[in-house]
Amino acid sequence: MVFHKHMELTVDNLAAEWFKDEVGMRPNWGIRIKTKIYSSSPIDPGIGIGIESAEADSPIAFFRADNGISFFIEEQDAWYFKEYDLHIVYDKTRNEPAYQFIKDGKIFE
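Numbered according to the working numbering, the sequence shown spans residues 218 to 326.
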């Protein structure tokens, strides 16, 4: 079941480079953005975002960065993102990606 027909997933260039440098990936695999229990996010206090290097199966959202890395969210995680878009940006103060959930033009981070 897909809750968000046209979910937008974007990753800025600095964040994409961080993933390239920090996450080990097999050839032709990408970065799967998924749900992670016992974590938190601005849209759910008990579930957050996890990442893994994986091959896309049934993505509901897909983004290919300028450096060639693919990022995707699988259909099985559609329930979590509901009507939110996800923008991944590089946080220079923390030296890691930050996840921005966007709904109706409002950013939750």
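We put the beta carbon where it would ideally sit given N, CA and C, even for glycine.
For residue i, which of helix, strand or coil comes out of DSSP?
i             : result
glutamate 239 : helix
alanine 273   : coil
tyrosine 297  : helix
Look at the alpha carbon of residue i and the alpha carbon of residue j, and state the distance between them as a whole number of angstroms.
i              : j              : result
serine 275     : leucine 231    : 27 Å
isoleucine 305 : glutamate 326  : 10 Å
isoleucine 266 : isoleucine 248 : 12 Å
Comparing alpha-carbon positions, which option in the options lies nearest residue i?
i              : options                        : result
aspartate 229  : Lys320, Glu272, Lys309, Gly322 : Lys309
arginine 243   : Phe280, Gln317, Gly267, Ala271 : Ala271
alanine 295    : Asp283, Phe288, Thr252, Asn312 : Thr252
glutamate 300  : Asp321, Tyr255, Val240         : Asp321
tryptophan 246 : Gly285, Arg311, Pro314, Lys323 : Gly285
Within the 8 Å Cβ cut-off, does residue i reach chain D?
i              : result
methionine 224 : Of the protein chains in the structure, only one exists, and it is not chain D.
Let me check one thing: in DSSP terms, what residues is residue i bridge-paired to?
i             : result
aspartate 229 : Aspartate 229 pairs with nothing; no bridge assigned.
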